[in-house]
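Quick note: to get the numbering used here, add 6 to the position in the sequence shown (first position is 1). We treat Cβ as the ideally placed atom computed from N, Cα and C, and that holds for glycine.
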Amino acid sequence: MLSYKISNRDYKCNIFFNMYEILSRTRLFKGASPDEIKMLMTDIHFQIRSYDTDDIIAYAGDPMNYLMIVLEGMVMGEISSFEGKSIVVSEIPAPNSFAEAYLFASKKRLKINIKAGAQANILFIHKDFFQRLLSQDAKVLENYLNIISNRFVIVTEKLNFMMIKHVKGRLAYYFLNKPEVTNGLLSFPLGMTHKQLAVFLGITRPALTKNLLEMRDEGIIGIDQKVVSIKDMERLQQLVN
């Protein structure tokens, strides 16, 4: 069973009022206007559910029969290591869909826990209604296939990341793959709290702080008000290699 909380009526109505505009900014509905999406959704049954930070949305082993779209907030996919540590394998900020690949898989039970990384409002569409939606619009179908393909690439990159054993190398990999850096910028917001980043890297928070300060003192990065700046790109790349 999927675990969920229903938001209060007034807030839920506000989300519903803005839903089609929010959906127009997702990759699934890329190229469609809010009015076009509203027409597509006319005969599609859906629910909006609300979660607090760290609420479990779905557990590993749950059957995945719903397409889920984050309208507000963020969700995270976590796995537990043999040592009992939680490792974040994915972060999905609003507005975005997630766990799409499970919908039409022969084995559709989740392999990870999904929880809210911040207060989140999520749209649920049952598989049968989502399949109807895909058959109605070729562009939505194309967008869906593109999302699935990109998810595969992300998983491959995550496996490469997990092969890096030392903390500074993982930090360097995380920094080098920030969208701002791949677009040519040398400074960017850290993007997570130290606690969240430590979970993402699969390390303790003290180890994270220690290595960040060492990288700063070594002149590789600068840190100011949770904004990171790359001072020595060559040395940062060497940490990954």
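Other residues of its chain near I226: CB distance less than 7 angstroms, five sequence neighbours each side excluded: K237, D238, R241 and L242
Could you check where the alpha helix (DSSP H) with R115 kicks off and where it finishes? Segment: none, R115 is in no alpha helix (DSSP H) and carries neither H nor E.
Does the segment 72 to 79 come into contact with the segment 98 to 105, if we say contact requires no fewer than three beta-carbon pairs (one atom in each stretch) closer than 8 angstroms? yes
Return the chain-ordered list of same chain residues with a C-beta closer than 6 angstroms to the C-beta of V246, the five sequence neighbours on each side being excluded. G175, A178 and Y179
In the DSSP output, what is M3 paired with across the bridge? The structure shown does not extend to residue 3, since the chain is modelled only from 7 to 247, so the question has no answer here.
Three-state class that DSSP yields for N149 in the structure shown: helix
Measure the C-alpha to C-alpha separation of K117 and L147 and round it to an integer number of angstroms. 25 angstroms
Close Cβ partners of Q125 (< 8 angstroms) along its chain, the five nearest in sequence each way excluded: S56, Y57, D58, T59, E78 and G79
Beta-bridge pairing of G228 - partner residues as DSSP gives them: S235
Where does D230 land, buried or exposed, given buried means 16+ other C-beta within 10 angstroms? exposed
Counting C-beta neighbours from all protein chains within 10 Å, is the total for K171 16 or more, i.e. buried, or is it exposed? exposed
Quick check: the Cα distance between D223 and P212, rounded to an integer number of angstroms? 16 angstroms
So what's G197 in DSSP terms, helix, strand or just coil? coil
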